[in-house]
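Okay, so here's the structure we're looking at.
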Amino acid sequence: MHAIELNDAAGFGHEFLRLTLLQGFQSLTKRDLELLIFVLLERDGAISRSESNAAVALRLRVTAAKVKGLRRDGYARWRALVPEAGDTALQRIVAGVLTDANLRSGARHVSARSRKDGFLAIRIEHPDDAQQFEQAIVEVGALPVYERNREVVAVRFDTLLKIAERWGYLQPDPRRITAELEKMAPAAEEVADLLKKDLGQLRWADVRRALNSLGAKAIASSAEGGLKGLLKLVFPFLPG
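If you want the working numbering, it's the 1-based position in the sequence shown plus 160.
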């Protein structure tokens, strides 16, 4: 268990004093102060937003349920203290949740049938990040799907593709994606079908269908290596 150490103690103190005086001395309730301190700790980076509720709970010596409440209510009350552009926030969230460990953890909370249907289990503990990710799903015309755990959302691979397209993460050249797919899955029939076409006339719709099919198959077969390569192709900022 690591002790909590501020990265910018002066900045933390200045912002805490400014906000408590701005509201009126002693006008903030005990709960308001708890939430303010917690959000400022995350903003400082002393507590990482990607840390699990259980890990943060150990450091704060409270329960995981308490941390979840602090995160949920803290951002509802003090959201303006953590300004972040939508595309930057989504990139940070996606990079945090599409890790091997997180995907394995999430998979325990989604049915085999959902995986067979191409649904990827994504676990997001931070309520503010979960809300932003769910909004991204809605914005591309899909709906968040929950099964056994409200912290795990089941997302079809084609929905992830739409998110990558909508926020400009995906390589726009279908020939380059085809070349990467050929390296990744040379024996796949979807790739063979793409290579039969005149690469000069290759359409994005053709590549999209191949990506969707390969992604769904990788999820259904639990082929982590293949899935990781496809996710990296869709979201190039993911760590290798």
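Ideal placement from N, C-alpha and C gives every residue a C-beta, glycine not left out. All of these numbers come straight from a predicted model, not from anything done at the bench.
- In chain order, 331, 367 place their CB closer than 6 Å to the CB of residue 337, counting only its own chain and leaving out the 5 sequence neighbours on each side.
- For residue 324, the three-state secondary structure derived from DSSP is helix.
- By the C-beta density criterion, residue 396 is exposed, having fewer than 16 other C-beta atoms within 10 angstroms.
- For residue 199, the enclosing alpha helix (DSSP H) starts and ends at 190–204.
- Boundaries cannot be given for residue 362, as no beta strand (DSSP E) includes it and DSSP labels it neither H nor E.
- If you check the CB distance, residue 342 and residue 355 come in under 8 Å.
- Between residue 281 and residue 303 a beta carbon distance of about 16 Å is seen, past the 8 Å cut, so the two are scored as non-contacting.
- A distance below 8 Å between beta-carbons, with the five flanking residues on each side excluded, links residue 363 to the following residues of its chain, in chain order: 334.
- The residue from 256, 250, 202, 258 with its alpha-carbon nearest to that of residue 232 is 202.
- Along the length of the stretch 272–310, whole beta strand (DSSP E) runs at least 3 residues long occupy 279–283, reported in chain order.
- Looking at the backbone, the Cα of residue 251 and that of residue 166 are separated by about 25 Å.
- In the structure shown, the three-state DSSP call for residue 242 is coil.
- In this structure the stretch 345–355 does not lie against the stretch 280–300, because fewer than three pairs of beta carbons, one per stretch, are closer than 8 Å.
- Here residue 209 is buried. Its C-beta has 16 or more other C-beta atoms within 10 Å.
- Sorting 298, 215, 388, 177 by C-alpha distance to the C-alpha of residue 164 places 215 at the top.
- About 6 Å separates the beta carbon of residue 390 from that of residue 378, a gap short enough to meet the 8 Å contact definition.
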